[in-house]
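Undergrad:
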Amino acid sequence: MQAIILAAGMGRRLKELTRDNTKCMIEVNGETLIERILTQLDGLNLERIVLVIGYKGEKLAAYVKSLPIKTEIIFITNPIYDKTNNP
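Heads up, the sequence shown is in my numbering, so the first residue is 2 and it goes up one at a time.
Okay, here's the thing in structure tokens:
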């Protein structure tokens with residue numbers, strides 16, 4: 002089994018919070034949302050985690066690679082992250 006996380010969006014509605022980061026990089030109680038999700042998924046014995054990135058994708062990928070996650074993480078880039086699902 003594998004998990005997919007859609008994390009390519011710009012988070013325009015969060016304005017100041019996502020100017021330099023993606024939505025999933027927002028910290029809540031000292032932990033980023035993506036760290037919390039990945040840590041929980043890491044304990045489920047998944048084959049892999051697929052992370053779809055776009056906005057600030059390189060920064061997000063570098064951060065995720067620095068986390069102590071044992072499950073294989075595959076990064077897929079959505080090049081049209083600014084065109085989809087935004088009015």
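Just so it is clear, CB atoms sit at the ideal spot from N, CA and C, and this is done for glycine as well.
Let me confirm a value: glycine 31 is counted as buried when at least 16 other C-beta atoms fall within 10 Å, else exposed. Which label applies?
TA: The residue you call residue 31 lines up with position 30 of the sequence shown. Exposed, since its Cβ has fewer than 16 Cβ neighbours within 10 Å.
Undergrad: Within the segment 11 to 48, note down every full alpha helix (DSSP H) run reaching 4 residues or more, in order along the chain.
TA: 34 to 43, all fully within the segment 11 to 48.
Undergrad: Should isoleucine 6 and leucine 39 be called a contact, given that it needs their Cβ atoms to be closer than 9 Å?
TA: Position 5 of the sequence shown, counted from the first residue, corresponds to residue 6. Position 38 of the sequence shown, counted from the first residue, corresponds to residue 39. Yes; because the gap between Cβ atoms is below 9 Å, this pair is in contact.
Undergrad: Taking the continuous alpha helix (DSSP H) assigned at alanine 9, which residues delimit it?
TA: The count along the sequence shown starts at 1 and reaches residue 9 at position 8. From DSSP, alanine 9 is part of no alpha helix (DSSP H); its letter is neither H nor E.
Undergrad: If you run the structure through DSSP and keep just helix, strand and coil, what is leucine 52?
TA: Taking the sequence shown and counting its residues from 1, the one referred to as residue 52 is at position 51. Leucine 52: strand per DSSP, three-state reduction.
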